[in-house]
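Engineer: Before I ask anything, let me first share the structure, which is written out below as C-alpha cells.
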Amino acid sequence: MSSTHYAQHGNVAVIRLDNPPVNGLGHAVRTGIVDGLRQAEADAAVKAVVLIGSERAFSGGADIREFNTPKALAEPNLGTVIHYVESSSKPVIAAIGGACMGGGLELALGCHYRVAQPGAQIALPEVKLGLLPGAGGTQRLPRLIGVEAALNMIVSGATVPSEQFKGTPLFDVFVEGDLLQGALAFAKVVVDEGRPLKRVRDLTVTHPKPEAFFLYARTAVGAASKGYPAPLKCVDAVEAAVTKPFEEGLQVEREAFVHLIQTSESRALRHAFFAERAASKVAGVGEDTPVRAIQSVGIIGAGTMGSGIAINFLNAGIPVVLLEMKQEALDRGLGSIRKIYEGQVAKGKLKADKAEQRFALLKPTLSYDDFRQVDLVIEAVFEEMSVKEAVFRKLDEVCKPGAILASNTSTLDLNRIAGFTRRPQDVVGAHFFSPANVMKLLEVIRGEKTGSDVLATVMQLAKSIKKTAVVSGVCDGFIGNRMIAMYQREALLMLEEGASPQQVDSAIEAFGFAMGPLKMADLAGGDIGWAIRKRQYAERPDMRRVLIADRLCEMGRFGQKTGAGFYRYEPGRRDALHDAVVDGVIDACRKELGVTPRTLSNEEIVQRCVFALVNEGARILEEGIAQRASDIDLVYLSGYGFPINRGGPMLYADSVGLMNVVRAMEGFAANPRGHRAFWQPASLLARLAAEGKTFN
2 MSSTHYAQHG NVAVIRLDNP PVNGLGHAVR TGIVDGLRQA EADAAVKAVV LIGSERAFSG
62 GADIREFNTP KALAEPNLGT VIHYVESSSK PVIAAIGGAC MGGGLELALG CHYRVAQPGA
122 QIALPEVKLG LLPGAGGTQR LPRLIGVEAA LNMIVSGATV PSEQFKGTPL FDVFVEGDLL
182 QGALAFAKVV VDEGRPLKRV RDLTVTHPKP EAFFLYARTA VGAASKGYPA PLKCVDAVEA
242 AVTKPFEEGL QVEREAFVHL IQTSESRALR HAFFAERAAS KVAGVGEDTP VRAIQSVGII
302 GAGTMGSGIA INFLNAGIPV VLLEMKQEAL DRGLGSIRKI YEGQVAKGKL KADKAEQRFA
362 LLKPTLSYDD FRQVDLVIEA VFEEMSVKEA VFRKLDEVCK PGAILASNTS TLDLNRIAGF
422 TRRPQDVVGA HFFSPANVMK LLEVIRGEKT GSDVLATVMQ LAKSIKKTAV VSGVCDGFIG
482 NRMIAMYQRE ALLMLEEGAS PQQVDSAIEA FGFAMGPLKM ADLAGGDIGW AIRKRQYAER
542 PDMRRVLIAD RLCEMGRFGQ KTGAGFYRYE PGRRDALHDA VVDGVIDACR KELGVTPRTL
602 SNEEIVQRCV FALVNEGARI LEEGIAQRAS DIDLVYLSGY GFPINRGGPM LYADSVGLMN
662 VVRAMEGFAA NPRGHRAFWQ PASLLARLAA EGKTFN
C-alpha cells in the first residue's frame, strides 16, 4: 500500500500523505512526496501543488518506527524533501489539519503557502527528546512568527492551536469547512493572480535588541533547563537565525542537532519516549483484542488514595460511585475531592462550571448495592489480605457478570485475591501511586487467570485517564515496590554503618532523584513500610531486620503524617528538619548491633542504592514479572522520581557498563556489614555482563 497518493484536480496536483496513525515522515512518504513533486513539475497542465494529510494529522513528524534503522537517514532525507518543495517552480501549498508537529511542521514551513483549519495543533517538540528541530525549524519559524514567540515554542516544545497564529505569515488562510476544497480554492487564487513563490528562507528576521534578548533568554533557559543541553542549543540556533545568513544559520542548527543526538541526556529522553510506547504492547494481548465498555466506575475507600483515584475518572467524564463504610469517612473524602477542585479553580487551571460538572458525576454511598450496575470496581482499602478478602467476596456477590474487579494493592498476591471470587478472569491489579490524581504511573497487575480482554480494557482506560500504564506479573511488591524495598534497605543499612539521613538523602538527590529515600519514606508514611516488613519477617524468619526504621516506627514516628520520622516536621510545613532524637536512635542501634561507624562516600551511597535497584530489576526480568527492561525504567521514571536524564535504572546500568556494575557489587559483598547473598548478581545481569551486552 502506497504511503502517498497523487491526484489531479483541474490544474492542481494533490499529494496526500497516507501513513497512519499520524503520517510519520518515513522513507516511503519522503520518497512519495519527491516523486509527486517531480510528476507535477513535468506536467505542463499542473500549475500548483497541494500537500495534505488526514483529518487526524498533516504530519506528526519523523516515523518513530524507523528510528535507529537505515531508513531513518536514507535519501531523500527530510532536508532533501524540503529542498525539493522550496525549489519547486510551481507554488506548493501545505493544507494543515490535525497534528502538524516536528518534521511535519518543518515540511510545511518549506512550502510557499500554508492554509490551516482552526484547531490544528502546531508544535516543534524535539526538545522533549533532548534535541532541536533539525530540518530548518529554528531558522524558518522565527521568520514567520517572530523571534520571541518562536523561541518560546522551540524551547518549551509546547503544542499551540493554529488560531493563535492568526495575523502572522505562518498561515495565509484559515479554512472553516472541507480542508481540501479550501486548499484547492486558495491554489486557484494563487495561480489566477500569479502570486510569487514565497520562500520563508528569503524573509528577514530581526529583533530590536538582540544582544540583550538572547542574554536574558540564556539566563532564563539555563536556570530552567537544569543541566539539559538541548534548550540552550535551541537558543543558539534561533540567535543564528537573527544574526547570520540563512545557510549559515542552518549549519549552526545542524551542528547542534548532531551534537545533541549523541548526548546521554537525549539518549535517556528518547529511551523514555520509546519505553512508553513499548509498554502498551502486552504479550498475548493483540491489537484486535476486544475491550469491555467502561461507562461507570465504583471505588471502595474515600481516603487519600480512593479520592485521588476517583478524580482521575471524574476528569475523564466517567461517573463514579464512591463507597465508604461510615458517613464521617465518606464526608471527609467528598470534602477532599471538592477541595482539590476548588484549588484548581482558584489557580485558574479549571473553570468553576467545569469543576461542578465533574463533581456532579460523583455519587457517594454507604451501600455495596450501588455497585450492581458499574462496569469496573477498584478497591482502595487497607493493605491487609483479610480486608481484601472480605471486599472481593462481597464484590463477587453484588457486581454484575462482566464487571471488572480491580485491586489497588501495592504488594499483596493478586492470585489469592482473585481466588476469593468465582470470576478470577475478571480480576486485575490497578496499582495507582499517591497522590493518585497527580502521579502518572499505573501498574497493571496481570494475574494467572486475568482475561486478555480485561487487560486490554484496563490498558485502554489508562490512556483515557492520562496514566502511563505498565503491566507487571504477580510477586511481592510487583515491579516498583519490590525494587524500592531493596533500594530503601540499602539506605537504612548505610545508616547503621555510619551515614546520616541527611547524607544519604543529599547524595541521592545530587544524583538527580526528586527526593532521597528517607524523605520519601517519611512522605509515604513509615507505618506502611513497617506493616509490610512485619508481614515479611513472619513469612521469612531469616530476613535481616532494618533495626533503625523499626525502632522509629515503634516510637510512633511515621513521617510527615505524625510530624516525625527520620526527620521532624513543623505543623503545616513539609520541610525535613534535623532531629537529634533520630541521631540518638541511630547511635543506640549501632551499639546494639556492635557496629563501629565509618565514613561512607556519596559515591558508595548512590551505587549501593541504585545498583540494588538494578540487580532486583534483573531478577524481575528473569522471572518474567516485567516484559522488558524499558518497562522497569518507565516505572521508575513515572512513579519513583528516578532522574529522567539518566533514563531509568536499567538504562543507567547500561551506560555505566554492566561489567562495572558487577564489579562494584563484588566490592559491596566484601563489606563486613554487607550480605554476600544480597549482592550476588542476578544470573541475567551476570550473563549480560560476561557477554558485553546490555539490558536495553
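According to the numbering used here, the stretch in the sequence shown is residues 2 to 697, in order.
Heads up, the beta-carbon is just placed ideally off N, CA and C, and yes, glycines get one too.
Judging by CA-CA distance, which residue of F434, I446, K395 and T563 is the nearest neighbour of R423?
Structural biologist: Closest by alpha carbon: K395.
Engineer: From D528 to I485, what does the alpha carbon distance come to, in whole angstroms?
Structural biologist: 16 angstroms
Engineer: Going by DSSP in three states, C112 sits in which element: helix, strand or coil?
Structural biologist: coil
Engineer: I'd like to know if the segment 74-87 and the segment 21-31 are in contact, where contact means that at least 3 CB-CB pairs between them fall below 8 angstroms.
Structural biologist: yes
Engineer: Which runs of the alpha helix (DSSP H), 4 residues or longer, sit entirely within the segment 617-644?
Structural biologist: Counting only runs of 4 or more, we get 630-640.
Engineer: Any idea what DSSP makes of E325, helix, strand or coil?
Structural biologist: Collapsing the DSSP output to three states places E325 in coil.
Engineer: For a test of the three-state rule: what should DSSP assign to A470, helix, strand or coil?
Structural biologist: strand
Engineer: Under a three-way DSSP split, which group does V512 fall into?
Structural biologist: Correcting the residue type first, residue 512 is Phe in the shown sequence and not Val. Helix at F512.
Engineer: In terms of residue numbering, what span does the beta strand (DSSP E) encompassing A49 cover?
Structural biologist: Per DSSP, A49 belongs to the beta strand (DSSP E) from A49 to I53.
Engineer: What are the complete alpha helix (DSSP H) segments, minimum 4 residues, inside the segment 325-358?
Structural biologist: 328-347
Engineer: What is the rounded straight-line gap between the Cα of A279 and the Cα of S631?
Structural biologist: 8 angstroms
Engineer: Cβ of F372 within 7 angstroms of Cβ of G304?
Structural biologist: no
Engineer: Could you have a look at A8 and say whether DSSP puts it in helix, strand or coil?
Structural biologist: strand
Engineer: Taking 8 angstroms as the limit between beta carbons, can you name the residues of its chain near R219, skipping five residues before and five after?
Structural biologist: Excluding residues up to 5 positions away in sequence, L233 and V236 lie with their Cβ nearer than 8 angstroms to the Cβ of R219 in the same chain.
Engineer: Looking at C-alpha atoms only, which residue of E380, E42 and V156 is the closest neighbour of Y7?
Structural biologist: E42
Engineer: Would you tell me roughly how many angstroms separate the C-alpha atoms of S639 and G618, rounded to the nearest one?
Structural biologist: 16 angstroms
Engineer: Taking the alpha-carbon positions, what's the L335 to D580 distance?
Structural biologist: 36 angstroms
Engineer: Tell me which residues share the same chain as G11 and place their Cβ nearer than 7 angstroms to its Cβ, disregarding the 5 neighbours each side in the sequence.
Structural biologist: Apart from the 5 residues on each side of it in sequence, G11 has no Cβ closer than 7 angstroms to any other Cβ in its chain.
Engineer: List the DSSP bridge partners of P162.
Structural biologist: Q122
Engineer: Per DSSP, what kind of secondary structure is S408 in: helix, strand or coil?
Structural biologist: The answer is strand: DSSP assigns S408 an E or B state.
Engineer: Out of curiosity, what's the CA-to-CA distance linking V239 and V663?
Structural biologist: Looking at the two C-alpha atoms, the distance is approximately 45 angstroms.
Engineer: Quick one: residues in its chain with C-beta nearer than 7 angstroms to the C-beta of L594, no 5 flanking neighbours on either side, listed in chain order?
Structural biologist: Result list for L594: E497 and L548, in chain order.
Engineer: When the distance is taken between beta carbons, is S435 closer than 7 angstroms to M521?
Structural biologist: no
Engineer: Looking at T290: is its Cβ nearer than 7 angstroms to the Cβ of D427?
Structural biologist: no
Engineer: Distance, Cα to Cα, P71 vs G103?
Structural biologist: 20 angstroms
Engineer: Drop a sphere of 10 angstroms on the beta-carbon of H676, count the other beta-carbons inside from all chains shown, and report buried for 16 or more, exposed for fewer.
Structural biologist: exposed
Engineer: So does the segment 331-347 actually touch the segment 402-421, counting three or more Cβ pairs closer than 8 angstroms?
Structural biologist: no
Engineer: Three or more C-beta pairs closer than 8 angstroms, one from the segment 50-70 and one from the segment 156-164: is that the case here?
Structural biologist: No, the segment 50-70 is not in contact with the segment 156-164.
Engineer: Compare the beta carbon distance of A627 and I466 with 7 angstroms and say whether it is the shorter of the two.
Structural biologist: no
Engineer: Anyone know if the C-beta pair for R609 and E491 falls short of 7 angstroms?
Structural biologist: Annotated as proximal: R609 and E491, with beta-carbon spacing under 7 angstroms.
Engineer: Determine whether the beta carbon atoms of H208 and V253 lie at a separation below 7 angstroms.
Structural biologist: no
Engineer: Determine the DSSP secondary structure at C610, reduced to helix, strand or coil.
Structural biologist: Three-state DSSP puts C610 in a helix.
Engineer: Within 10 angstroms of its Cβ, does M154 collect 16 or more other Cβ (buried), or is it exposed?
Structural biologist: buried
Engineer: Kindly give me the distance between the Cβ atoms of G137 and L110, rounded to whole angstroms, as I take these residues to be in contact under 8 angstroms.
Structural biologist: 7 angstroms
Engineer: Using 8 angstroms for Cβ pairs, my map puts A100 next to C112. What's the rounded Cβ distance?
Structural biologist: Between C112 and A100 the Cβ distance is about 17 angstroms, and since that is not below 8 angstroms, they are no contact.
Engineer: Along the chain, where does the beta strand (DSSP E) containing P211 start, and where does it finish?
Structural biologist: Taken as a continuous stretch (DSSP letters only), P211 belongs to no beta strand (DSSP E), being part of the alpha helix (DSSP H) at P211 to S226.
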